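Engineer: Note that the working numbering has the sequence shown beginning at 412, numbered continuously upward. Just passing along the structure, written as C-alpha cells.
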Amino acid sequence: MKALVFDGKLKLDLNYPMPKIKDNEVLIKTSMVGICNTDYEITKGYMGYKGVLGHEFVGVVSEVGANCDKNLIGKRVVGEINCACNDCEMCHKNLQRHCPNRSTLGIWQKDGCFSEYFTLPKENVLTISDNIDDITATFCEPLAAAYEILEQIHIKPDDKVAILGDGKLGLCISLIFKAMNVDYTHIGKHLDKLEISKNLGAKIKLVSELDEKDMKSFDVVVEATGSTGGFETSASLVKPRGILVLKSTIVAREGLNLASIVVDEITIQGSRCGQFKPVLRLLEDKRIDVSPLVSGIYDVDDFKEAFDKNSQKGTLKVLVKF
Ligand SMILES: [Zn+2]
Ligand SMILES: [Zn+2]
C-alpha cells in the first residue's frame, strides 16, 4: 500500500506492508489527512520518530478485529490519537491521553494515517454523521485540542478573554470560542489571518496596536504563538489572579521572565489534546465552518507539493486526499 514514511527522509513508499489488526483494533481506509505542524517538526527530528506520519484523518472502517463490533465496517470515522494501555492509574481515571504507556498515532511508536490503511484501537474510533463532510471531519483533532481549554478551565460568562497567535492553532481556538459564545479578542501579527476571526464576529487586534490599556486587562489569555516573545506578551495581558493557558510548547527555554507570574499570582494551565465527542456535536450542528482555514487540497501522489505548501509563509491547513 501507499504510505508516506519518514526514516530520516520523507518519502512515498508504494509497497509499505499492510498493517496487521489486533483483536481490539479496527482497520481504517484513509479518505483524507491533514498536515500538522507536528508532522513538519517530526521531519526536523522531533520525538526521534520514524515511521508513517499523520494523525489528523477521516476514513472508512474496512475490517475489524475479533473483539470489535462488525457493524463498524463501512462506517465513516475519525479517531483519537493516543492509544492507551487501559490498565494504569491515569487510564483508570479516564485520562487515557496521559497514559504513560501510550503510543500516539504517527508521533510515537505507532504508524500514522498518512497511508492507504492504518489501525486504531476500537475505543479510539468515533463514527461521524453524513452531514459532516470529509474536509470538516479532518479538523476534528486540532479542534478537539482547542476545545480542551474549555474542559480544563471555567470561562465565566462575563470574562474578558484573549487569544494570542493567529496561526492554525489560534484560529482553531477562535472557531471553538465563537461556537461556545466566549467574549474574546484575537490578537496576532497578520491582518489577513485575523480577518477570519473578524468575519466570525470576534474582536481583533494587531500585536503592534497593543497599548497600556490592554496590559493586565484579560481574565484569561491563551498563548498560541509558540514563541518566547509570545509567552511574555501573553503574560503581560493577564489580570492579577487571572489564567494563562499555554497551548503551544514554547520552543526557547532560556530567558523566560516569570517574575510577573509570581507577583500577579497568575495561574498557568498547560493544554494539549482534547476529546472528539463535544467537537463532533458542534460540527453536526453546523456551528463551525473550517473552510477559511483550508489552504490547499492535494492528492497523496503530490505529497511533495503539499509539504512545500505547508512550509510556506501564510499557509493554514493543507489537506491530502487518498
Ligand atoms: Zn495535529
Ligand atoms: Zn494506561
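Cβ coordinates follow ideal geometry from the N, Cα and C atoms, glycine included. Fair warning: this is a prediction, and the values are worked out from it, not measured in the lab.
Shorter than 7 Å, the distance from the beta carbon of C496 to the closest heavy atom of ligand 2, or not?
Structural biologist: yes
Engineer: Are the CB atoms of L421 and F718 nearer to each other than 8 Å?
Structural biologist: Yes, they are a contact pair.
Engineer: Measuring straight from C-alpha to C-alpha, what distance separates I654 and D630?
Structural biologist: 6 Å
Engineer: Mind the definition here: the segment 538-551 touches the segment 448-462 only if three or more C-beta pairs lie below 8 Å; say whether that holds.
Structural biologist: no
Engineer: At a threshold of 7 Å, does E552 count as lining ligand 1 (C-beta to nearest heavy atom)?
Structural biologist: yes
Engineer: Quick check on DSSP: helix, strand or coil for S619?
Structural biologist: helix
Engineer: On the criterion of 16 or more Cβ atoms from any shown chain inside 10 Å, does Q507 qualify as buried, or is it exposed?
Structural biologist: buried
Engineer: Can you tell me where the beta strand (DSSP E) holding R683 begins and where it ends?
Structural biologist: Here R683 belongs to no beta strand (DSSP E), and DSSP marks it neither H nor E.
Engineer: For the beta strand (DSSP E) that R487 lies in, which residues bound it at each end?
Structural biologist: R487 to G490
Engineer: I'd like to confirm something about T449: is its beta-carbon nearer than 7 Å to some heavy atom of ligand 1, or not?
Structural biologist: yes
Engineer: Can you check whether the C-beta of I677 is within less than 8 Å of a C-beta belonging to chain C?
Structural biologist: No chain C appears in the structure shown, which is made up of a single protein chain.
Engineer: Short of 8 Å in beta carbon distance, which residues of its chain neighbour K521, apart from the five on each side in sequence? Order them along the chain.
Structural biologist: G462, C494, S514 and T515
Engineer: Can you tell me whether D603 is buried or exposed, with buried defined as 16 or more other CB within 10 angstroms of its CB?
Structural biologist: exposed
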